[in-house]
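Engineer:
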Amino acid sequence: MLNGKNILVTGGTGSFGKKFLQMVFERYKPKKVVIYSRDEFKQSVMKTELMDKIDMSKVRFFIGDVRDKERLYRAFDGIDYVVHAAAMKQVPTCEYNPFEAIKTNIHGAQNIIDAALDSNVKKVVALSTDKAVNPINLYGGTKLVSDKLFTAANAYSGSRETSFSIVRYGNVAGSRGSVIPFFNSIVEKGQCVLPITDYRMTRFWITLEQGVELVFKALEESKGGETYISKIPSFKITDLAKAMLPNCEMQEVGIREGEKLHEVMVTKDDSRFTYEYEKHFIIYPNFEWLNIKDRLAKGGKLVEDGFEYNSGTNSQWMDVEQLKAALQKL
270 MLNGKNILVT
280 GGTGSFGKKF
290 LQMVFERYKP
300 KKVVIYSRDE
310 FKQSVMKTEL
320 MDKIDMSKVR
330 FFIGDVRDKE
340 RLYRAFDGID
350 YVVHAAAMKQ
360 VPTCEYNPFE
370 AIKTNIHGAQ
380 NIIDAALDSN
390 VKKVVALSTD
400 KAVNPINLYG
410 GTKLVSDKLF
420 TAANAYSGSR
430 ETSFSIVRYG
440 NVAGSRGSVI
450 PFFNSIVEKG
460 QCVLPITDYR
470 MTRFWITLEQ
480 GVELVFKALE
490 ESKGGETYIS
500 KIPSFKITDL
510 AKAMLPNCEM
520 QEVGIREGEK
530 LHEVMVTKDD
540 SRFTYEYEKH
550 FIIYPNFEWL
560 NIKDRLAKGG
570 KLVEDGFEYN
580 SGTNSQWMDV
590 EQLKAALQKL
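Going by the working numbering, the first residue of the sequence shown is number 270, and it counts up by one from there.
1. Assign Y425 to one of three DSSP states: helix, strand, or coil.
2. Closer than 8 Å: is that where the CB of I465 sits relative to any heavy atom of the ligand FAD?
3. Over what stretch of residues does the alpha helix (DSSP H) that includes S580 continue unbroken?
4. Taking Cβ to Cβ, would you say L599 is nearer than 9 Å to D508?
5. With distance defined between alpha-carbon atoms, name the residue in E547, P502, G409 nearest to T362.
6. Taking Q291 as part of the alpha helix (DSSP H), name the residues at either end of that continuous run.
7. Indicate the three-state DSSP secondary structure (helix, strand or coil) for M519 in the structure shown.
8. Does A395 come out as helix, strand or coil in the three-state DSSP assignment?
9. Can you tell which of V414, L463, K486 has the C-alpha that lies nearest to the C-alpha of N516?
10. Let me confirm a value: R600 is counted as buried when at least 16 other C-beta atoms fall within 10 Å, else exposed. Which label applies?
11. Would you mind reading off the limits of the beta strand (DSSP E) that contains S306?
12. In the DSSP assignment, what are the bridge partners of H549?
13. When DSSP builds the beta bridges, which residues end up paired with F419?
14. Which residues in the same chain have their Cβ closer than 8 Å to the Cβ of A370, if we skip the five residues on either side of it in sequence?
15. At the level of alpha carbons, what is the spacing between A566 and A442?
16. Terminal residues of the continuous beta strand (DSSP E) containing T471?
17. Roughly how many angstroms lie between the CA atoms of D337 and F451, to the nearest whole one?
18. What would DSSP say about Y468, mapped onto helix, strand or coil?
19. Provide the residue span of the alpha helix (DSSP H) that contains L277, from first to last.
20. Are the beta-carbon atoms of M270 and Y297 separated by less than 9 Å?
21. Roughly how many angstroms separate the alpha carbons of V393 and H353, rounded to a whole number?
22. Following the continuous beta strand (DSSP E) through R329, name the residue where it begins and the one where it ends.
23. For the structure I just gave you, are there three or more beta carbon pairs, one from the stretch 518-530 and one from the stretch 463-477, closer than 8 Å?
24. Write down the C-beta distance between A621 and T279 rounded to the nearest angstrom, noting that I regard them as a contact closer than 8 Å.
25. Taking buried to mean at least 16 other C-beta atoms within 10 Å of its own C-beta, is D538 buried or exposed?
26. Enumerate in chain order the residues of its own chain whose CB-to-CB distance from E545 is below 6 Å, with the five nearest sequence positions on each side excluded.
27. Let me know the secondary structure DSSP gives F556 once reduced to three states.
28. Does the beta-carbon of K511 have 16 or more other beta-carbons within 10 angstroms, so that it is buried, or is it exposed?
29. Whole angstroms is fine: what's the gap from R340's alpha carbon to V328's?
30. Quick one: is V522 buried, meaning 16 or more other Cβ sit within 10 Å of its Cβ, or exposed?
31. Bridge partners of S454, per DSSP?
32. Mind checking G493: buried by the 16 CB within 10 Å criterion, or exposed?
33. Within the continuous alpha helix (DSSP H) that includes R343, where are the two ends?
34. Tell me the residue span of the alpha helix (DSSP H) that contains M534.
35. How long is the line joining the alpha carbons of P367 and I375, rounded to whole angstroms?
36. Beta carbon of I561, beta carbon of Y497: below 9 Å?
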């Protein structure tokens with residue numbers, strides 16, 4: 270599918286972009302992959318890190334911001350597929366700088382849509398987050414609007430082939446800003462007390478590889494408007510602490526502003542349009558102008574009305590030993 274194609278990744282110098290670049294060259298033979306981001310230093314570091322791992326002659330580094338529509342138009346020229354990973358993601362930063370988050374996460378999303386339509390891009394897959402589901406912080410609110418923009422953008426394709434879909438998951442295990450590197454920083458200092466926001470807290474476990482695999486699936490089979498969600502296990506934050514530092518002391522410090530006890534990927538209201546597949550769920554769009562039957566991927570089954578995909582009520586769980594094994598692979 271991606272053989273001989275030109276692919277662009279916004280925010281491509283992040284954890285996802287690096288893993289995507291490695292996996293796309295392992296799996297396919299793209300003509301060119303463009304890394305679009307605004308940080309020249311991160312681009313330089315990425316070049317050095319991957320120089321001996323992939324064919325860098327097929328990689329282009331493009332300085333630009335998703336807020337800059339003119340620059341996006343230049344970057345999208347000749348591009349077949351776009352993976353939109355650029356976003357302001359830090360909850361406290363978004364709360365303190367709300368309009369900056371709006372400019373990047375909402376206005377940037379609209380710029381991506383306009384540039385993709387006018388440049389005749391075949392497909393755009395936008396990365397979403399669990400925080401966009403029933404959002405309680407600004408980051409989640411901006412990503413909810415972004416998701417709505419990308420879903421509705423399929424109405425404007427007209428005679429073009431351009432389609433837009435979404436991939437949703439929570440914090441990737443070991444990614445920058447997640448709980449694992451935070452706990453690691455404490456352990457490395459020789460401390461034996463790990464702060465736990467709430468002893469009841471649960472999260473989904475997804476690796477970078479699984480995240481990229483889901484993007485590949487969306488690029489391969491999406492017809493427009495779908496939201497893809499992986500079937501993944503849950504874990505308790507207390508079990509993660511035990512896995513990272515056996516016999517540690519845990520101190521409950523209270524839930525931070527904008528934080529939830531459990532992650533939700535599919536709401537009860539979404540269940541009426543959610544189909545279950547072997548390794549993932551798909552939430553299909555619900556519009557008067559779109560016939561959902563024309564978009565259904567084969568092999569799916571409509572979930573029960575009222576179904577909710579919640580990290581606290583998930584059917585798959587990782588215990589302390591399984592978390593230890595998974596941590597060793599990161």
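By construction, the Cβ of each residue, glycine as well, lies at the ideal position given by its N, Cα and C atoms.
Quick caveat, the model's predicted, so the values are computed rather than measured.
Structural biologist: Looking at the atomic coordinates:
1. Counted from its first residue, the sequence shown places residue 425 at position 156. Of the three classes helix, strand and coil, the one that applies to Y425 here is helix, per DSSP.
2. Although the ligand FAD was asked about, the structure shown includes no ligands whatsoever.
3. The count along the sequence shown starts at 1 and reaches residue 580 at position 311. Taken as a continuous stretch (DSSP letters only), S580 belongs to no alpha helix (DSSP H), as it is neither H nor E.
4. Against the sequence shown, residue 599 aligns to sequence position 330. Against the sequence shown, residue 508 aligns to sequence position 239. Contact: no.
5. Taking the sequence shown and counting its residues from 1, the one referred to as residue 362 is at position 93. Nearest option by C-alpha distance: G409.
6. Taking the first residue of the sequence shown as position 1, residue 291 is located at position 22. Bounds of the alpha helix (DSSP H) holding Q291 are 284-296.
7. Reading the sequence shown from its first residue, position 250 is the one you call residue 519. Correct three-state label for M519: strand.
8. If you number the sequence shown from 1, residue 395 lands on position 126. Three-state DSSP puts A395 in a strand.
9. By one-based count along the sequence shown, residue 516 stands at place 247. When only C-alpha atoms are compared, the closest one is L463.
10. Only positions 270 to 599 of the chain appear in the structure, and residue 600 is not among them; the question remains open.
11. Mapped onto the sequence shown, residue 306 falls at position 37. Judged by DSSP secondary structure, S306 falls within the beta strand (DSSP E) whose first and last residues are 301-306.
12. For the purposes of this step, residue 549 is taken as the residue at position 280 of the sequence shown. Under DSSP, the beta-bridge partners assigned to H549 are S499.
13. Against the sequence shown, residue 419 aligns to sequence position 150. In the DSSP output, where bridge partners are listed per residue, F419 has none listed.
14. Within the sequence shown, residue 370 is the residue found at index 101, counting from 1. Around A370: M357, T362, C363, L407, Y408, T411.
15. Along the sequence shown, one-based indexing puts residue 566 at 297. Along the sequence shown, one-based indexing puts residue 442 at 173. Cα to Cα, the separation comes out at about 28 Å.
16. To locate residue 471, count along the sequence shown from 1; it is residue 202. Boundaries of the beta strand (DSSP E) around T471: 471-473.
17. As a working mapping, residue 337 is identified with position 68 in the sequence shown. As a working mapping, residue 451 is identified with position 182 in the sequence shown. Cα-Cα distance, rounded: 33 Å.
18. Numbered from 1 along the sequence shown, position 199 holds the residue referred to as residue 468. Secondary structure at Y468: coil, using DSSP grouped into helix, strand and coil.
19. Along the sequence shown, one-based indexing puts residue 277 at 8. Premise fails: L277 lies in the beta strand (DSSP E), 275-279, not in any alpha helix (DSSP H).
20. Working through the sequence shown from its first residue, we reach residue 270 at position 1. Working through the sequence shown from its first residue, we reach residue 297 at position 28. Closer than 9 Å, so yes.
21. Start at 1 with the first residue of the sequence shown, and residue 393 comes out as number 124. Start at 1 with the first residue of the sequence shown, and residue 353 comes out as number 84. C-alpha separation (whole angstroms): 7 Å.
22. Within the sequence shown, the letter at position 60 stands for residue 329. If you look at R329, you'll find it in the beta strand (DSSP E) that goes 328-332.
23. The count of Cβ pairs closer than 8 Å, one atom from the stretch 518-530 and one from the stretch 463-477, reaches three, so the stretches are in contact.
24. Because the chain in this structure spans residues 270 to 599, residue 621 falls outside the shown range and cannot be described.
25. Taking the first residue of the sequence shown as 1, we reach residue 538 at position 269. Classification of D538: exposed, given that the 10 Å Cβ count is below 16.
26. Reading the sequence shown from its first residue, position 276 is the one you call residue 545. Only K570, V572 meet the Cβ criterion.
27. Taking the sequence shown and counting its residues from 1, one reaches residue 556 at position 287. F556 falls in the coil class under three-state DSSP.
28. In the sequence shown, the residue the question calls residue 511 occupies position 242. Flag for K511 reads buried.
29. The count along the sequence shown starts at 1 and reaches residue 340 at position 71. The count along the sequence shown starts at 1 and reaches residue 328 at position 59. Approximately 18 Å between the Cα atoms of the pair.
30. Residue numbering aside, residue 522 sits at position 253 when the sequence shown is read from its first letter. That one is exposed.
31. Numbered from its first residue, the sequence shown carries residue 454 at position 185. Paired residue(s): none; S454 is not in a bridge.
32. Position 224 of the sequence shown, counting from 1, holds the residue named residue 493. Buried, by the Cβ-count rule.
33. Here residue 343 corresponds to residue number 74 of the sequence shown, with the count starting at 1. R343 -> alpha helix (DSSP H) spans 338-345.
34. In the sequence shown, residue 534 corresponds to position 265, counting from 1. Per DSSP, M534 lies in no alpha helix (DSSP H); the unbroken beta strand (DSSP E) holding it starts and ends at 533-535.
35. Taking the sequence shown and counting its residues from 1, the one referred to as residue 367 is at position 98. Taking the sequence shown and counting its residues from 1, the one referred to as residue 375 is at position 106. Straight-line spacing of the CA atoms in P367 and I375 works out to 11 Å.
36. Position 292 of the sequence shown, counted from the first residue, corresponds to residue 561. Position 228 of the sequence shown, counted from the first residue, corresponds to residue 497. Result no, Cβ atoms of I561 and Y497 do not sit closer than 9 Å.
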